[in-house]
Structures are given as C-alpha cells and as structure tokens.
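Structure, as structure tokens:
Residue numbers (my numbering), protein chains in the order written: chain A, 1 to 425; chain E, 426 to 850.
Next up, the structure:
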C-alpha cells in the first residue's frame, strides 16, 4: 500500500478540520483508496493547540525548513491564509519537490502564476479546490468535467458571511449593523469584517473562477467591487414585494465585446435557483455553450466542509499519475489582448424619494428616457419614515447611462434624492 | 500536439450532440487543451443521418470490427443505449485497447463489473459521467472531489421526464395522463414511457450512484421502486397547502443498520433545495460526514448537456496519465456482507376518505397509534369530488407499520378508503 506523508501548515479552523478528517479516516482511506495517509508534520507555534488536537509532540515543528527536508512528507497543505509567510513556505515546499494543496484564495489569486511556474519547474502538483467556495467542488468541475464548454457566464454567491447577513436581514427585518454584530459574536464574521462585507473575499474567488472559465488571467484588480454595507431593510422589503431576493453576487460574463467581472449586491428573481441559497450556504451557477446551466451548492466555509475539499485534493494527488496545470496561460497581468467591459449592461432597481406633487413621476421617467433607459416596472410607495417614493425597475441598460440619469434626477425639483441604486439580474 | 481519435457508436440525440460539440470546438480544444480531437469513425446504419450532421462519408462504418482495427481510434464513445449490441461493442473496443466513454446507464448498471474488468485487463480507461444525470458532474465529484467523505445519504431528482410531468401537474393542475400525452408530443417522454414513469431509469442511475457513495455494489434489483402514474392532482394540491412539493426522489441512505435504496414519489418541504428543481432540470443532493450537504443541479438530459459530459470524459481521458477504476470491489452481485434495509423508516402523507360521522378521526388516529405511528399534522378537507377527507402527515415510522395501519383503517366502519399513501422527507 502506498504511504502518503502530509504536512499541515497552520492548525486554525481549516487546518484543524483537515487534521481531524485525516486522522479519523486513516483506516477508511486504506480500505477505499488503497493509500495510507499519515500526517508527518504540523507547523504550528501554539504547541498546546496541536497537542489538544491529538498531534504527537515529535511531529510539531516551528521551522518550515524541517518540513522541506523531511523525506516522509510528500504533500504540504497550506491553510495559513494571507500572503506572507504562506507564499514563501509554499514556494519552498514546491522547490523541495513536495506537492502543495492550498485553501488560500488571496495567495492563489495574487500569486497563482508564480506558484504554478514553480510547481511545473519541480514537477509537483498544485491543488486549490479549497480556495474557492469551501466544500463545493467547483474547481475540478471546471477543470475536469465542464472543460469542453465555452463558458458564457458564471454567477455565484461565494461569500458565506454576507449571505448570512443578507438572509437574516431579509427574514427577520433586523438592520445591517445589528446582524453584523450578531454574526461577529457567532464567529461568522471577523472583528474587522471589511474583506467579507466589502466584497474583497468574493473578488479573490471570482478572479480565480473567472480566469478558469474564460481561460485567461483575470486579475482581481479588474473586478468592479461594491459591498453590502449600504443595503437597507426598506430596499429588501420593496424588492421582495416585486419578487426579488437580495444577494451579493459575483458575476463574470464573456460576451462578444469582452469580459465583465463584478461583485455587488443584486436583486435576483425569487424563482432563480440562486435566490434560494440562504444563510451561510454558497452556490456557483455557470452557463456553458453545451452544458447549459449548472449549479453547485453547498457549504462555502467551515472546518470540515473546507477540510473535505483539501482531503479530496490530497487523495487526488496521491492516486493520480502526473500533474496538470492551468489550461490557460497563467500570468501575473491580464493578456493585453483581453478586453474588459467596464460600462456593462444591467437592469436596475432605483428608489427615488420625491415630494407628493403632480408631475414628478413623469419628470423622472422622462429623464430616464432621455438617457435611453426604459422602465419595466414602477410602484409608488408611501411609508412613514421615507415619505413618498418611486420604486423603479429598469430594463437592461448601460452602467454609465444610469449614473448620468441619477445625477439628473437628483437635480430635479420635486425630487429629494435617489436613495438607492441596486443592480438586478 | 497530441492527436486524439474518437469513434462514436450511434448518432442519435446524444451521439449527434457529441459530434456537433467535437466538430465545432476542434480549434478551441487545440488552443485550450493542447489536443486535436478528431472524429475518425461513426457507427451508424442511417448513412444519410450521419452525412446530414456533416460526417465525411468515408468515416461512416457499419461494422464494429472496422473501428476496433482502426489504429487512428483511441477512444470509443458508446451512446447507443440498451444492452445489446452495446455491450458486445464496448467489450470488443476495450479488448482492442481503446478507452471507452459511455452514456449507457442500463449497461453500466447491469454489467459495469464486466466492463471494468475488461478495461483493467487491457489497461484502458472506462468513463461514464454521462450515464447519470446528463450534464450534472456528479460522477467525478464523487470520485475526485468528495472521495474523502463517508456518505450518509444521497437524494436525487434524476429523471427529467417525471420531473417535467410532476412540475406541470403542480403548476398547471393538468392531470397525469394529459401531461404525459403532451410530454410525448414534445419528445420529453417516449412512446412507451414505462422506463421513466415507473422509475426504472432512476433506479439504474441510483444503483450506479449509490454504489459509488457507499463503496459497495448495489444492484438495481435491491432498489425499492414505485412510479408516478398514481399521483393525483388532489394529492399535489393538499400537499402544497401543507408546504410540500411532490418529486420522484431516488434515495440512498447508509445508516448503522444497513443500506436502503428506493425510488418513489415523495413530498418534500418546499424550502428544501430539491423542492425548487423544476421542469426537466435534475439535481443530486449528497450528505457526507465532512462536506455536509452538497447539491449539483443542471440539465439531466438533452443532446448538448449530455454531450458536454461525454466530451468532458474524452478530454479527461486524453489529458490525464493512467486510468483509475472503481474505488470499491465492482462485482455482479452485492457483497454478502452488505445489509439492505427493506423495512425502512419514513414519514408519510395519508389521504383517508371518510364518512361525515362523529368519531371517525379518533378511530383513524387510534389505529395509527396502535401501530406505533405518531401523527405530526391532520387536516380535514371537504371537496365536491371526494367528500370528506383526512389528510394526515405522520412522524417517521416503519414501512411495515404503515402497511398494517392502512389495512386496519380500510377495514374500519365510517372509512371509505385510504386513497393515497405517499412518503414524506
């Protein structure tokens, strides 16, 4: 039976989950996969943490060099997060001839080109299923199942924290700041929630996934990004009445005119499969020219679901011959031939606070018309707090036209302000 | 660049879709996969059909031996369906050293052990992603992504015809026979719909998928099977009122006491992700000990979605080294050590037609109680056609207890009959 030695860098949530899965399933993998997976080392400064998890003291190390020089280690699992020292450690593991399994989306998003180059040079494997959407098997689905497709679009709910917050706000009517505090208490949101709530985390993942879909490097810096901190319960409720759910969507599209990539709060029809992805569940919805629509749904985070993705990569690495790398030129910057669409098309939800005067609605709609924006639906709402409001859903229109129309509407007599502008798919 | 020669056996719906994808994407696969995939032969008696699709006449053959002896053919795609001649052709291809990609669920379900043995002997690949759930990448997800999990259960909507019929009945109130006729007209159901509507097709797929999940051969003959032809619009409507959708579910569970496998119409809570899988869409929902819940959703049939799965296997076969086989002992019969649970546990929906007399409800519930069945919900309904009815949802109970209770209730004064018995998850 083949023996497979693993070293785990960092025993945090995901590292701990991975250790638990590997140690509890050792006999199961012998029986079902014909391999004996043994954790040979863990890199963890908090020695007591490792011992608590059941790691033999002799296997706990402080120095990456020990792991690189340990001939019993075949695969290094990097679950530290962040750029340094993770990057230096991964490069040194690859240069020592170890294959690497990582859950580090920021590292793979920003330096995937360099890691892959080093992996190729050393004829090592580089696996990153756990970097995107936890236990949801989207990476290998794109590489090994749907790879015959020309992808038209990818849309995902790929951040658990924001989906938890938006679901709670929608179901319970609590405010953004209330739910955020609760999420922080429960450990679903970090003390500094910026990376999640402002869409950085989703943008890293979208960069990785859309690069794979569209087979060209899409740096995260090309991704339009807007967070959820300005979403109000009023908007959620008005959207609900019109048949929409609010989600932080990561969207990539490849149209004839170029690639558009964006992360922003979005109203989505309540019948759409993504609209029913709630709480901390995640899902990715891809459309290919032959497979049509496929959605993969599951836990986007957590010790065991993300550990499942890591262990899947470890077993894959141990039971397959040879290594495959990206099926596109994995570079630092986008290929100069790649066109990015910034003035993208979308339908919009606008909430306009107005005075109760004859003719205001017609002024507003004529300003939209002036910018070529046609209206799909208008509802007048009057609530105690906000007074009279026009809720408008537009047909698909250009981003820039909406910006200009909003400026014009804000400057119109009888209009208090355009309180909300939310994209609609 | 590696050249990959393909032969397609049968240019029906799926064969035609596969040919179309391969021929239209040849340059794309050169660019993105670094392989040149060429259709070298098609086996098709209707020569004009092949020519219409654009196949060069010289490549159309009538005789499998020509394909086996063609050194340009590396991979044989079997999309004929049925057992013979498909089985003989697949075995001869493998014995000639060709790898095989098949969409044939009946063949793989019944003779997978023999095909795999022959593939191993000849060191050939055997791929069958397209045999289950069309474009939905469930097979490789189980093999290469979620393989680190001990699976607790698999539940799927894995037959498009029945899901189309049940969705139409639910949304439009049309009867089973009306919708079936319409589905036959549209080509969604076959002239003899037995295999779909009586659950045979779903049972073949469940046999394949549950064998993979539970890592032991589960012959389709072990699967309890019940079709949808007795489902009435009344039951659909009463279920809807109580918050349930009706689906033909394929269910596999591995509990401490054994494996249970079954295909039957099922009421499922309308919030469950599977309840929102409509029309001809399919989905598979698996629960593993570390990944928790994962659902894969997409087109379960159709020329291009199923073609996508076949082409995915072709590219996988051409771009990976070595071949892996089942991660369990693939045998003809179940391992004698495998225990199958026949008297399984489930909640139930019962519709009891009763006379409008005092005390009938209490008689019925006391008979349920006598058999250890506890009631979760009772509603009295009175409609013009059926008269007074008791709609009962039970807690989880044993199959055999329900059978006995139904016999007792049918024999009770004041009860016309138990009109429907439908399982609930």
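We treat Cβ as the ideally placed atom computed from N, Cα and C, and that holds for glycine.
Please tell me whether residue i and residue j are closer than 8 Å, where the distance is taken between their beta carbons.
i: residue 105 of chain A; j: residue 253 of chain A; result: no
i: residue 741 of chain E; j: residue 144 of chain A; result: yes
i: residue 277 of chain A; j: residue 163 of chain A; result: yes
i: residue 834 of chain E; j: residue 766 of chain E; result: no
i: residue 328 of chain A; j: residue 211 of chain A; result: yes
i: residue 324 of chain A; j: residue 744 of chain E; result: yes
i: residue 141 of chain A; j: residue 708 of chain E; result: no
i: residue 397 of chain A; j: residue 422 of chain A; result: no
i: residue 552 of chain E; j: residue 711 of chain E; result: no
i: residue 432 of chain A; j: residue 72 of chain A; result: Past the boundaries of the shown model lies residue 432 of chain A; chain A is included only from 1 to 425, so the question cannot be answered.
i: residue 246 of chain A; j: residue 176 of chain A; result: no
i: residue 214 of chain A; j: residue 158 of chain A; result: no
i: residue 35 of chain A; j: residue 87 of chain A; result: no
i: residue 634 of chain E; j: residue 693 of chain E; result: no
i: residue 379 of chain A; j: residue 730 of chain E; result: no
i: residue 55 of chain A; j: residue 244 of chain A; result: no
i: residue 186 of chain A; j: residue 80 of chain A; result: no
Just confirm the distance between the C-beta atoms of residue i and residue j, as a whole number of angstroms; I'd bet it's less than 8 Å.
i: residue 136 of chain A; j: residue 300 of chain A; result: 6 Å
i: residue 130 of chain A; j: residue 250 of chain A; result: Wrong, their Cβ atoms sit about 17 Å apart, outside the cutoff.
i: residue 432 of chain E; j: residue 478 of chain E; result: That pair is no contact at about 15 Å.
i: residue 572 of chain E; j: residue 312 of chain A; result: 6 Å
i: residue 161 of chain A; j: residue 188 of chain A; result: 6 Å
i: residue 361 of chain A; j: residue 418 of chain A; result: Wrong, their Cβ atoms sit about 14 Å apart, outside the cutoff.
i: residue 837 of chain E; j: residue 788 of chain E; result: 6 Å
i: residue 45 of chain A; j: residue 62 of chain A; result: 6 Å
i: residue 107 of chain A; j: residue 83 of chain A; result: 6 Å
Could you say which of the options lies nearest to residue i if we only look at CA atoms?
i: residue 75 of chain A; options: A:260, A:38 and A:82; result: A:38
i: residue 673 of chain E; options: E:595, E:609, E:610 and E:492; result: E:595
i: residue 336 of chain A; options: A:292, A:155, A:346 and A:217; result: A:217
i: residue 558 of chain E; options: E:545, E:517 and E:527; result: E:527
i: residue 519 of chain E; options: E:513, E:505, E:845 and E:544; result: E:544
i: residue 348 of chain A; options: A:173, A:266 and A:274; result: A:266
i: residue 78 of chain A; options: A:419, A:361 and A:307; result: A:307
i: residue 807 of chain E; options: E:475, E:663 and E:798; result: E:663
i: residue 414 of chain A; options: A:81, A:396, A:390 and A:425; result: A:390
i: residue 546 of chain E; options: E:533, E:535, E:532 and E:523; result: E:523
i: residue 817 of chain E; options: E:484, E:800 and E:717; result: E:800
i: residue 207 of chain A; options: A:345, A:111 and A:305; result: A:111
i: residue 322 of chain A; options: A:18, A:64, A:59 and A:125; result: A:125
i: residue 191 of chain A; options: A:180, A:386 and A:56; result: A:180
i: residue 830 of chain E; options: E:841, E:812 and E:792; result: E:792
If you follow the alpha helix (DSSP H) that residue i is in, where does it begin and where does it stop?
i: residue 778 of chain E; result: Residue 778 of chain E -> not in any alpha helix (DSSP H); beta strand (DSSP E) instead, spanning 770-779.
i: residue 490 of chain E; result: 489-493
i: residue 732 of chain E; result: 728-744
i: residue 184 of chain A; result: 176-186
i: residue 651 of chain E; result: It is not in any alpha helix (DSSP H) - residue 651 of chain E carries neither H nor E in the DSSP assignment.
i: residue 626 of chain E; result: 625-639
So is residue i in contact with chain C if we call contact Cβ pairs under 8 Å?
i: residue 189 of chain A; result: In the structure shown, chain C does not exist; the protein chains are A and E.
Starting from residue i, trace the beta strand (DSSP E) both ways and give me its first and last residue.
i: residue 248 of chain A; result: 244-255
i: residue 11 of chain A; result: Element bounds for residue 11 of chain A: n/a, residue is neither H nor E.
i: residue 845 of chain E; result: 840-849
i: residue 659 of chain E; result: It is not in any beta strand (DSSP E) - residue 659 of chain E instead sits in the alpha helix (DSSP H) that spans 658-666.
i: residue 689 of chain E; result: 683-694
i: residue 147 of chain A; result: Where residue 147 of chain A is concerned, there is no enclosing beta strand (DSSP E), given that its DSSP letter is neither H nor E.
i: residue 718 of chain E; result: 717-724
i: residue 621 of chain E; result: No beta strand (DSSP E) holds residue 621 of chain E; the alpha helix (DSSP H) holding it covers 619-622.
i: residue 169 of chain A; result: Premise fails: residue 169 of chain A lies in the alpha helix (DSSP H), 160-172, not in any beta strand (DSSP E).
Looking at residue i and the ligand MG, is the gap between the Cβ and the nearest heavy atom below 7 Å?
i: residue 72 of chain A; result: In the structure on display, the ligand MG does not appear, and there are no ligands present to speak of.
Exercise. Could you list the residues in the stretch 723-738 of chain E with a C-beta less than 8 Å from some C-beta on chain A, going in chain order?
Key: Going along the stretch 723-738 of chain E in chain order, one finds 723, 724, 727, 729, 730, 732, 733, 734, 736 and 737 with a Cβ nearer than 8 Å to chain A.
Quiz item: the stretch 737-760 of chain E: which residues have C-beta closer than 8 Å to a C-beta of chain A, in chain order?
Solution: For the stretch 737-760 of chain E, which is checked against every Cβ of chain A, the residues closer than 8 Å are 737, 739, 740, 741, 744, 745, 746, 747, 749, 752 and 753.
Quiz item: If you measure beta-carbon to beta-carbon, which residues of the stretch 554-578 of chain E are closer than 8 Å to chain A?
Solution: Those residues of the stretch 554-578 of chain E that come within reach of chain A (Cβ to Cβ, closer than 8 Å) are 554, 560, 561, 562, 565, 566, 569, 570, 571, 572, 573, 574 and 575.
Exercise. With 7 Å as the C-beta to C-beta threshold (strictly closer), list the residues of the stretch 698-709 of chain E near chain A in chain order.
Key: From the stretch 698-709 of chain E, only 698 and 701 have a Cβ closer than 7 Å to chain A.
Quiz item: Going along the stretch 590-614 of chain E in order, which residues come within less than 9 Å of chain A, judged by CB to CB distance?
Solution: Of all residues in the stretch 590-614 of chain E, none comes within less than 9 Å of chain A when Cβ atoms are compared.
Self-check item: Positions along the stretch 631-653 of chain E whose CB lies within less than 9 Å of some CB in chain A
Solution: Under the 9 Å Cβ criterion, the stretch 631-653 of chain E contributes 640.
Self-check item: Residues from the stretch 22-55 of chain A in contact with chain E, defined by Cβ distance under 7 Å
Solution: From the stretch 22-55 of chain A, only 25, 28, 32 and 33 have a Cβ closer than 7 Å to chain E.
Quiz item: Going along the chain, which residues of the stretch 284-296 of chain A sit with their C-beta nearer than 7 Å to a C-beta in chain E?
Solution: Closer than 7 Å at the C-beta level to chain E, one finds these residues of the stretch 284-296 of chain A: 288, 290, 291, 292, 293, 294, 295 and 296.
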